[in-house]
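Shown next, in structure tokens, is the structure this report addresses.
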Ligand code: ATP
Ligand code: MG
């Protein structure tokens with residue numbers, strides 16, 4: 001007898017699917033990620049995949065009828081699927097199918113099939129598990145490829161020949177690595193070798209889909225697990241050559257520099273312990289990409305990467321554009337963090353002056369905390385004495401930040417005197433002088449020459465105006 005998983009299908013929505021299936025005289029099963037995650041005792045997913053031996057769309061419609069009130073149903077006729085949103089669930093219905101592929105496309109030729117056919121077309125054994133929703137064997141597990149055993153062995157394995165599986169749909173190579181990283185599984189040796197052989201096939205996959213998987217790798221607990229696999233298979237140099245270009249240590253005249261690729265992966269693992277913010281993790285991943293094009297050797301000072309932060313932040317744009325990621329505030333945020341990634345350490349190495357801290361807060365604005373998290377993750381030295389020194393320096397910077405913030409309110413700072421006010425005071429039209437005076441006030445505040453307060457800024461404006469040969473019309477002090 002097959003294993004029973006009645007507990008997995010207790011949600012009332014499954015009962016409705018059973019009722020609807022009986023009404024249509026068809027069989028149905030819950031399959032894929034839901035079953036896998038239930039057995040792994042992960043957070044039970046909110047997306048549920050149901051396969052019907054019949055029309056998925058008709059089954060979805062029938063289920064919708066059984067739910068009182070308005071149920072949202074989206075039909076994707078071309079794919080033969082339909083989705084229902086019910087409470088916080090998204091249930092997707094598909095008819096069981098048999099698939100075959102042409103070499104130049106991810107789009108298979110599809111025919112109706114049996115449950116076994118449908119399980120055959122699934123990417124991994126652990127994703128081919130199905131639980132019956134039929135009255136005669138409700139809750140029984142259908143596991144033709146020993147997926148349960150692979151879950152126990154923590155193994156990513158394809159149901160069919162891996163070379164065919166990956167070549168048919170090369171996105172599966174990304175998915176294999178994503179699941180390995182997300183679930184802390186190993187990719188079976190044969191499968192791993194097949195990925196290496198099929199790496200070139202990734203070219204037929206859209207950037208959007210690649211990025212979806214990449215995001216999930218970046219969001220895993222130990223992202224370097226996924227990146228190592230991407231690197232070893234050869235996928236990484238196809239997707240993110242900016243990163244693989246960082247790999248390697250060069251030596252000249254006995255001087256070496258660190259391997260910035262492996263360093264970067266450590267930084268990403270470090271930051272993953274302190275934030276789930278996807279874009280902050282991206283910033284960690286990209287914070288050193290400017291180092292490959294800026295690397296120079298100088299006989300006196302050794303290896304340098306001058307302006308790598310600036311060059312890196314420009315590269316962020318090109319990279320986002322190439323991969324069709326959003327060129328919006330998320331990208332600007334990553335650029336900003338890459339651009340500023342060395343600022344706190346430079347600060348920490350010097351005597352930390354208030355004015356330098358004020359500038360840092362002013363430039364970082366609300367991202368100051370994220371910037372500090374990035375910089376702290378960037379400490380990867382294995383020398384305990386140095387580690388201690390750097391992290392202590394950051395503690396001092398943090399301490400200073402909170403002191404200066406409380407006192408000076410320079411975050412998202414607007415100079416207390418506006419351009420209009422300068423025009424009124426000196427009775428002048430829009431002109432270069434206004435900009436000069438405004439800039440001088442801002443500088444005086446950031447340098448700590450005057451406090452960030454209206455009266456002090458007003459007095460300072462009068463002084464600067466007079467220096468420029470302007471006279472106040474009526475002193476409104
Ligand atoms: P998650 O929801 O965490 O991303 P998942 O396994 O549920 O994981 P989905 O993309 O939701 O992934 O896909 C649902 C199911 O559809 C999978 O479990 C798998 O059986 C099948 N599947 C998805 N993508 C593919 C693919 N590229 N090739 C073969 N089967 C796939
Ligand atoms: Mg899913």
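Numbering (the working numbering), first residue to last: 1 to 477.
Idealized CB from N, CA, C, for every residue including glycine.
This one's a predicted model, so the numbers in the text were calculated from it and none came from an experiment.
Exercise. Beta-carbon separation of residue 348 and residue 271 under 8 Å?
Worked result: no
Problem set entry | Residue interval of the beta strand (DSSP E) (run including residue 188) | Premise fails: residue 188 is in no beta strand (DSSP E) and is neither H nor E.
Exercise. At which residues does the alpha helix (DSSP H) containing residue 174 begin and terminate?
Worked result: 171 to 183
Exercise. When you compare only the Cα positions, how much space is there between residue 363 and residue 357?
Worked result: 10 Å
For this session: Measure the C-alpha to C-alpha separation of residue 214 and residue 285 and round it to an integer number of angstroms.
Result: 12 Å
Exercise. Are there 16 or more other CB atoms within 10 angstroms of the CB of residue 454, so buried, or fewer, so exposed?
Worked result: exposed
For this session: Hey, could you find the ends of the beta strand (DSSP E) residue 28 is sitting in?
Result: 28 to 31
Exercise. What residues in its chain sit with their C-beta under 8 Å from that of residue 163, if we drop five residues either side in the sequence?
Worked result: 194, 197 and 198
Exercise. Near residue 463, which residues of its chain fall below 8 Å by C-beta distance, leaving aside the five closest residues on each side in sequence?
Worked result: none
Exercise. For ligand 2, which residues count as neighbours when the test is a C-beta closer than 5 Å to any heavy atom?
Worked result: 33 and 47
For this session: Can you give me the start and stop residues for the alpha helix (DSSP H) that residue 336 sits inside?
Result: 329 to 340
For this session: Determine which residues share a DSSP beta bridge with residue 82 and list them.
Result: 75 and 93
For this session: With a cut-off of 8 Å on the beta carbons, I'd call residue 155 and residue 185 a contact; round off their distance for me.
Result: 6 Å
Problem set entry | Whether residue 292 touches residue 245 by CB criterion (8 Å) | yes
Exercise. Mind checking whether the beta-carbon of residue 171 lies closer than 7 Å to any heavy atom of ligand 1?
Worked result: yes
Problem set entry | residue 109 classed as buried or exposed, judged by whether at least 16 other C-beta atoms fall within 10 angstroms | exposed
Exercise. Just how far apart, CA to CA, sit residue 370 and residue 72?
Worked result: 39 Å
Problem set entry | Among 307, 176, 4 and 27, nearest to residue 141 - alpha-carbon criterion | 4
Exercise. Among residues of its own chain, excluding the 5 on either side of residue 32, which ones have a beta-carbon nearer than 6 Å to its beta-carbon?
Worked result: 49 and 127
Exercise. Which same chain residues, not among the five before or five after residue 27, have their C-beta less than 6 Å away from its C-beta?
Worked result: 53 and 134
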